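Novice: Chains as they are written, first to last, in the working numbering: chain Z, 1 to 446; chain L, 1 to 446; chain F, 1 to 446; chain A, 1 to 446. Here a beta-carbon is modelled for each residue, glycine too, at the ideal position from N, C-alpha and C. Fair warning: this is a prediction, and the values are worked out from it, not measured in the lab.
1. Check residue 95(F) in the structure and name its three-state DSSP category.
2. Quick check on DSSP: helix, strand or coil for residue 437(L)?
3. Going by DSSP, what residues sit across from residue 426(L) in a beta bridge?
4. Please return the same chain residues whose Cβ sits closer than 7 Å to the Cβ of residue 28(Z), not counting the five positions on each side in sequence.
5. Would residue 433(F) count as contacting chain A if we go by Cβ distances under 8 Å?
6. Which of the residues in the stretch 48-63 of chain L, read from start to end, lie with their CB under 7 Å from any CB of chain F?
7. By Cβ distance below 8 Å, which residues in the same chain neighbour residue 379(Z) in space, the five residues on each side in sequence not counted?
8. To the nearest angstrom, how far is the alpha carbon of residue 261(Z) from that of residue 159(Z)?
9. Could you name the residues of the same chain whose beta carbon sits closer than 7 Å to that of residue 111(L), not counting the 5 residues immediately before and after it, in chain order?
10. Under 7 Å Cβ-Cβ, which residues of chain L neighbour residue 66(F)?
11. Using DSSP bridges, identify the partner residues of residue 229(Z).
12. Are there 16 or more other CB atoms within 10 angstroms of the CB of residue 449(L), so buried, or fewer, so exposed?
13. Decide yes or no for the touch test of the stretch 32-52 of chain A against the stretch 40-50 of chain Z: beta carbon pairs closer than 8 Å, at least 3 of them.
14. Please determine, among 225(F), 237(F), 263(F) and 295(F), the residue with the shortest C-alpha to C-alpha distance to residue 178(F).
15. Got a sec: which bits of the stretch 168-188 of chain Z sit with their beta carbon under 8 Å from any beta carbon on chain A, in order along the chain?
16. Is residue 233(Z) close to chain L? Criterion is C-beta to C-beta, closer than 8 Å.
17. What is the residue span of the alpha helix (DSSP H) that residue 155(F) lies within?
18. Can residue 44(L) and residue 183(L) be called in contact, C-beta distance under 8 Å?
19. Ordered along the chain, which non-local residues of its own chain (more than five positions away) have a Cβ less than 6 Å from that of residue 236(Z)?
20. Given this structure, state the Cα-to-Cα distance separating residue 35(A) from residue 126(A), to the nearest angstrom.
21. Give the single residue among 153(F), 200(F), 274(F) and 209(F) whose Cα lies nearest to the Cα of residue 221(F).
22. Can you tell me where the alpha helix (DSSP H) with residue 51(A) in it begins and where it stops?
23. Note down, in chain order, every chain A residue with its Cβ under 7 Å from the Cβ of residue 118(Z).
24. Given this structure, state the Cα-to-Cα distance separating residue 109(L) from residue 67(L), to the nearest angstrom.
25. Determine, for residue 328(A), whether the minimum Cβ-Cβ distance to residues of chain F falls below 8 Å.
26. Buried or exposed: where does residue 348(Z) fall if 16 or more other Cβ atoms within 10 Å of its Cβ makes it buried?
27. In the stretch 338-349 of chain A, which residues sit with their C-beta less than 7 Å from some C-beta in chain F, listed in chain order?
28. What are the boundary residues of the beta strand (DSSP E) that residue 443(A) is part of?
29. Given this structure, state the Cα-to-Cα distance separating residue 453(L) from residue 55(L), to the nearest angstrom.
30. Run through DSSP, which three-state label would residue 296(A) get?
31. Could you compute how far the alpha carbon of residue 307(Z) sits from the alpha carbon of residue 414(L)?
32. List the residues that DSSP assigns as beta-bridge partners of residue 238(L).
33. Which chain F residues sit within Cβ distance under 8 Å of residue 93(L)?
34. If we define contact as Cβ-Cβ less than 8 Å, is residue 152(L) a contact residue for chain F?
35. Please classify residue 369(L) as buried or exposed, where buried requires at least 16 neighbouring CB atoms within 10 angstroms.
36. Check distances from the C-beta atoms of the stretch 401-414 of chain A to those of chain F and list, in chain order, the residues that come in under 8 Å.
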C-alpha cells in the first residue's frame, strides 16, 4: 500500500540503470545530503514520538530510520563490503519490510511494539552504515563502483519515499493527541478572508497519439516503464487545484449526505466511517479548523484542499460537474512543466495558497502540478504494456500492488523535489486520506 | 456488484434507444419468450430452494422472479398504464433493488428473510404483470409504443441478467447442502483421461489504432459507450481457455502456496479464506471433484477451469509465463467472431470441453470466446472517454460501480445468447468466484 | 446457548431416572400428545417460513421438527429397535446438534441453508419415527421398557424445549418482514388506558438455611441437582412482574441514555446495538408498538415487559431502586406455588396483563411466577455443589455452558406447562432478547 | 476489566473508613514508600518502553505513573489544598480512567498514542504531587487530617493495584519483542530435573455455616463487604498449586485438543486463538521455554503454572478429575493463614518453586495461598448480599463489572504484600491470560 512498496532490487534492473548513475564523488555527496534530511525530519521528535505507530498504515519514525539504513546494509554492505560486520544480527529481521517467506519479518501493524532497540541505538546504526558506505565508495575500483552506485541510487530514492512517510505518519500520530502540539512551529498563513480564490480556468489539450511513460534516461521505477504511445481524446485540465473554499461549498451543499454523488463503495465508506469533512478537520467555536504539522489552525479558503480520499475527490468532481483526469491526461499536460513548487524542500509541510492561474498571463501551463498535494487521477493502478513481473525479489515487489488502487500524480509538500518527475506514479487505495492528497478537475473538450 | 446493477432508466437513453426497438408484435412475442425462460429456470426448485439466500452476494430465486416483474410494473405499467392497479402495495418496497433514499428498500443481505410473500404469490405476480404488459402492447398507439418499447427492451435485458444470476445463486446454495443434490440431472461428460487437451496456441494481433465500444446500433448499456479509438500494442491471445488439466498443474506446483505468484491482496485473500482450489472443488477418495448444477462429479481435464477469482486467474497467468488480456485486446479479437457457443440456451449449465484450436485448420479466430466461462481481463472497470454520470436514476446506476472491479468478457454457460455482444462489459470484484469465470491467456507480441 | 443444550443422554442418568418413568401406555399416549403439539405449532407456517434461519441463535422450524425426531431415532430406535431402518442415511448428520467431533454436524448458523430435505419429507420423517416408537413401545417386554421409557421421557422434555424455541425463533423471523404478518390471529387485548396497573407490592421472606435443587423424584435435568442447603438472607420479592407502563417510565427518564444505570458490558452493548427499547418495539405515529405473534399492536401498559436482556433487567432494577432476585430467592418463594399461568398451553403466545397482587386478598404468594415471561435472576449460571461433569456425552453437555450466562426462572407464555417445575433452571447470555424474558424485582429485607 | 477498576471514592465510604486510617506521620511515610515503589518499577525502562500499549487491556507505564498521581491531585489536592495549582490543565483529561460522561477521557485503547507529555514531564508531575501532598499532610489540622487521610489511604491502595499492572503490562509488551530482552536480570532458577515436585495432597474442611467477607476493620473495597454467613458443603482444597510439570502432562495428553475437557466458550476461544500452551510459552529446540520478566528460560517443572486463563484452569481441573474451588472455599481455608509468600516485595517477579506440602509436618494449612500466582475460583464475580450500588462515582465503579468475570484470590508475585487480605476479590474475564494467574484444585469431601 503506497509508495513505500515500489522499491525494487533486481540485477537486470541494476545493470540497466547503471549507465545513468551519478559519478561516485557526486553520489557520496548526495548520499550525505539525503541521509541528513531524514535525520533533520526526526530532530523535532522525542524518543516517545519516534516510537509509536498510530495505525497499521503508518510506521514509527524510528522504524523508518532503521529500515532505510537496513536497505544499504542489506543490499550494498552485506553484498559488496565483505569485511563489514552487521551492526546487530537481529536488525535484518526488525527492519525488513520485504516479503521473503512466512515468519521472516515482523507483522507490519506491530512495528510500534518494538520499544527495543531504543532510538539512540538506531541513530548509531545510521552513523555506522553511513561510515561504511562512505568508506566503500571511497575505496571502490571502477568495476565495483559500476555495481554499487545504481543500488545506492535506488536506496536514496527509497529513502526519499520514507521521508515523505515520516511526515505523513507523524502527522497522523500527533493529530490524535489532545494537546494539539505542532510538529514544528510555523507562522500562521493568510486567513481565508484575506485573499480571494482566483477563478477556476481550464487549459485545453488536443490529445491524439502521444507518448507516456519513462524513457529510461535517469532513474525511474519499473511501474513507469516502458515508454509507449497511447491515444488521448481531447480534454481540458484545470489550471489549479480545488481549494478549501470550493470544497466547503460542496460540504455546505450536503456533499457528504447525498448518495447520488458517490461511488457505491465510497458511500459505504462515508457511512461506516462517519466522514463529514476531510481528515484532520474539526469544528471549533463554529468554524472549521484543521490539524497541520504547524498545529491547529483555521481552514484557509485559498489553500488547496488536502487529506481527501479518492472517494471524496471523485464525489467532489461529480458535484462540480467535472471529473478527475486520467493519469495520462495529467502526464501529458505535465510533460514540459518544470518540477518546482511547494515541496518538502521548502520546509513548509503544508499546501500553500493557490495563485492566479498562470495561463491568463502567458504562462505556458497549469500551476501547482508539482507539490502542495498529490492529485488523484481516475486511473486504476495497472501495468503498462509490456510489463511482466520478472522473477525474484523484483517480481515480488512491482506488479503485486496493481489491484484496487488509484494513481496519484505530482507530489506534495512532503515530497522531496529530487524525487519527482512527470512520469512518477504514486498509488493508494481509494479510502486513503492520511497522505497529502488533493483534487484537480478535468473535462472532456467539446 | 456485478451485472445486476447495470440496468438504467433515463429518459434520454430511452429516447435515444427508441429507434432500435423491435416492432411491437415481435417484442410481445419476445417478451413472452424471455419471461418463460425465467420460469423454466425456477421449475426444478422447491419453495424452500427459491427462498434462501446463501450469502450476501446472492439473492433468492423468488426475489429474482419478483424483482424482474417489479421492473415492468414500476417503469412501464405504473407510468403508462394508468388503469392498472399495483398487484400489492408493498411489492415496490420488497422487490426494489434500487438506491433511491435511505430506508426505502430492504437491505440486500436480508432478502432471504422475507418468507412472505410465498413463491406461489410471486408467480401470480408474474402472471399479473405479463397479462397487463400484453394488453398494453396490444392496445398501444404508435406514440405510446415508441415510448414503452425501449423500456420493455431494457426490462428484457435486465431479466436476462437475472436469469444468469438465478443459476449462479442456486448453484451456490445447493453446493452447501451435504445431500449434494443436482439442480438438474445431466449425463456425465467425458472423463479427464478420455480426451486429450489440445495444445495451447496463440493468435497474433497487430494492434494499432482501433475502435472499441458500442456504436449505438441496437441495444447496449451505457458503460459500453461511446465508441472510441484506442492504441493497442501488438499482442497475442490464446486460441482457447485454460483447462482444468492445466490448472491442476498449477495446483500441483504449489500455486496456492507460493506468495510470489500472487497479487498482494490476492495472497491475503488466499490466506484468509484458505483457498486451495477453485470454488466448488473438493477431494473425494483422493481425486478432485466439483459440484456442478448436475451434481458432484470428477473434475474433467479438458473442460475450461471455472469459478476462479481474478486473483487466481492472475496468479495462474503469472505462473504460466503469460498474462491476462486487457478488455480491449479481447474486444478487438472478438470483433468479428460470431456469438455462438455453450450458452444458457444450450441448457448444459456447465462449461464444455475445449476443442482443438480452430486457427490451425483455417478457422479465422479463437474458439470459445463466447460461452462456457466469462474471461477475466486485466482491465479495472473504468469509464470510457466521454462518460459522465448523467443526473437522475441513471446517474445513480452507472459509474457508481467503477471502482475496484475487473472487467470480464464473453459470457458463460449461464448467459443467454441474445444478451451478449462483443462490446459487453461484465464486472466483478477480484475476489468473486461464484460466477462462471475462467481464464484466457495473452502475451505481448514479440 | 440456552435451554436447547441441556438435554443429556447418559446410561447412569437413564438408569437412575428409570424408576420415575410413567407406565408405557401412559407414555405412549403422552408421546403422541407432545409430538402433536410440535406439529400444531408448525401448522400456520408455509414451507418458506419453516425454512429460514433469521440469525445464528435461531433455528428453522423445519430443523426443530427434524432434530426432535432424530433424537428418538438416534437414541431409541437405532439402539433398541434392531430391525428399524434409518429413514435417511444423511439425517443423522443434518439434524444432529451434538458436539461429537469436528466435522460431524453442520455449523449451527448454516442450518437455514439446507433447503433439502423439503418440509414434506421432514414431516414424513416424523410420522415414520412416531410409528416405529409406537410399535416398539407396544411390543417391548418389561426389561426393554425399563430401558427405553426414561430415554423417551428425556426426548419428550427435549421436544418441549424445542416447542418454545419454534415460537421464539419464528417470532424473530416474522418480525423482520415488512409485511408485519402475524403467526396466528388473536383478538386485541385491553389497551393501556383501559386497565390500571395494580401497585407493586413485595412479599417478605425470612431466609435462613433452606433447601434448593431437585430431589430426584420425577424428571429433572442434572443442572438442577443435587438438592442441597444454602443460607438465604432475609429478602423481599415483588408480587408481580414489571409492566410495560413501568418500563416506559424508565425509558422516559432516559434509562437507555444514562451509563450510570448499566453494567459496564451492558452499556457497551447499548451503544453498539443502538438499543432504545425492548426488542420488537417500534414507534408508529408517535406511539410505541410491538410486534407480537398476533401481529403489530400498541404496547399495552398492564402487560409484563418482555424481550428485555439481562442488561436491561439489571438497569431497570437499579433505576427502580431495587435489584434482581437470586435464583435461590426465586426458587424458595416458588417452592409451594402451583404451576399455573399463561403458558404455551393457553395458546396466547403473549404475556397477559398483570392482575391485582394476590397477597392483599389472602393469597399465599406472588402471582405470575410461572408463565408470561421468564424472569432474569442475578445469578450467574454455575454448578451446584457436588456437580462434576461425568464422562461421555453427558459430560459434554452439562457443565459446558456454565460460563457467562445468567439463570432465568419460571417459564413463559411459550413454555409447555408440563415442562416446568420450581427448580427448573433456564439460562441465556446477558445480551439475549429474543426469548420471552422479563423482570421481577427483589429487595433486601430491612 | 480487572482490579484497576475497583477503586472508589465516596464520601460515605471515606467517612466510614476514616477511623481505620493510619496516623498522619505514619501515613506520610507510607505515602513516600508506596510512591517510590512505583518509580523503582519504572527505573529499568526506557522512554520508549514506558510509552507503548501492547494491547487494549494493558496501559503504558507512563500512563500508570501519571494516572496514579492524578488520583491524588484530583481527589485530595484539588478538593482540599485550595492554593495548589494543577500541574497541567490537560492532565485531568489525559490521566482520568473514570467514566464520568461521554467524551471526557481518552479511549482506553488509545492511551499508547499519547506521546506527549513525555516521560520526563510525567516524572516531574509525580514530584510535584508528592511535594504538595507532603506539605498538605504536614500542615493539616486534626479535622482536615480526618478528611484527607482516608482518601490518601485509598490512593495508596489504588497505586498498589497499578504497581501490579505495570509489571504485567510491561511483560506483555517486552514478550513481543524478538530481542527477548529481560525487564530485569535474574539468576536462573532451579531447572526442572533438579527438584522433584512434591506429591499433591488435599486438606479437608468441614464446611457448615461460616462467615465470609470483610468486617470493616481496616481498609477494604466494597465488593468485599458486607461480612455475611454462608453455608459451605464439606470440601477438600489442594495443599499447593498446580505445577508446570503437572500442566505439561495435561498438554501431553492432548489437553488443548480435546473439546470434552473445555467449557463451550473455552473451546471456541482455544480454536479462535490457537492456544496450545500457557501465554508466554514457546518451543525452542524441542523444549518448552517461557518469557519471564528475567528473560526467556526453560519451563521449570516445580514452579506453579501461570498465565493460564479461567478456561485453561477449568479444563485442567476437569482433566485432573477435580474442580476449581469456590471463592468462599478459598476464603474459608485462608482465613487464618498469614499473608506471606512470593509477592512483589520479594523482587522476584516470577512464581517460585512449590515446596513440600506443610500439612504433612504439622503445618496448619496449605502453602502458597498468597503470592506466586492468583488462583482462579469457579465463582462468577457477583455482589454480596446487601450490596446495592450507591449513587455517585462510587455507584459507577463497583457493581458495574459484576458480569461475566471470575473471582481470583491470593495475589501473585506482582502484588504488594500490604495490598492483600483473605477477603480480597480480584476478578478478570475467563479469557484473561496476561495476569499471573494459576490453578489450585479442590474436591468435594466424601
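Specialist: Concretely, from the data shown:
1. DSSP places residue 95(F) in coil when its eight states are reduced to three.
2. Correct three-state label for residue 437(L): strand.
3. Residue 426(L) pairs with 408(L).
4. So the list reads 134 and 137, once near-sequence residues are dropped.
5. No, no contact with chain A.
6. Within the stretch 48-63 of chain L, the qualifying residues are 48, 49, 51, 52 and 54.
7. Result list for residue 379(Z): 326, 327, 328, 406 and 407, in chain order.
8. Taken atom to atom, the span from the alpha-carbon of residue 261(Z) to that of residue 159(Z) is near 39 Å.
9. The answer, listed in chain order, is 53, 59, 60 and 63.
10. Those within 7 Å of residue 66(F) in chain L number zero; the least Cβ separation is about 13 Å.
11. DSSP lists 211(Z) as partners of residue 229(Z).
12. In the structure displayed, chain L extends from 1 to 446; residue 449(L) sits before or after that span and is not available.
13. Under the 8 Å Cβ criterion, the stretch 32-52 of chain A counts as touching the stretch 40-50 of chain Z, having at least three qualifying pairs.
14. Closest by C-alpha distance to residue 178(F), out of 225(F), 237(F), 263(F) and 295(F), is 295(F).
15. Residues passing the 8 Å Cβ filter: 173, 174, 176, 177, 178, 179 and 181.
16. Cβ-Cβ to chain L under 8 Å: yes for residue 233(Z).
17. From DSSP, the alpha helix (DSSP H) with residue 155(F) extends over 142-174.
18. Yes.
19. Cβ neighbours of residue 236(Z) beyond the five flanking positions: 202, 204, 443 and 445.
20. Looking at the two C-alpha atoms, the distance is approximately 9 Å.
21. Out of 153(F), 200(F), 274(F) and 209(F), 153(F) has the C-alpha closest to the C-alpha of residue 221(F).
22. Segment 47-51, the alpha helix (DSSP H) holding residue 51(A).
23. Per Cβ cutoff of 7 Å: 46 and 48.
24. Roughly 15 Å between the two C-alpha positions.
25. So, not an interface residue.
26. Label assigned to residue 348(Z): buried.
27. Residues of the stretch 338-349 of chain A with a C-beta atom less than 7 Å from some C-beta of chain F do not occur.
28. Counting along the chain, the unbroken beta strand (DSSP E) around residue 443(A) starts and ends at 442-444.
29. Because chain L in this structure spans residues 1 to 446, residue 453(L) falls outside the shown range and cannot be described.
30. If DSSP states are grouped into helix, strand and coil, residue 296(A) belongs with the strands.
31. Straight-line Cα distance between these residues: approximately 44 Å.
32. DSSP lists 202(L) as partners of residue 238(L).
33. Here the neighbours are 178.
34. No, residue 152(L) lies away from the interface with chain F (no Cβ there is under 8 Å from its Cβ).
35. Counting every other CB atom within 10 Å of its CB across the protein chains shown gives residue 369(L) a total of 16 or more, marking it as buried.
36. Here the close residues are 401, 402, 403 and 404.
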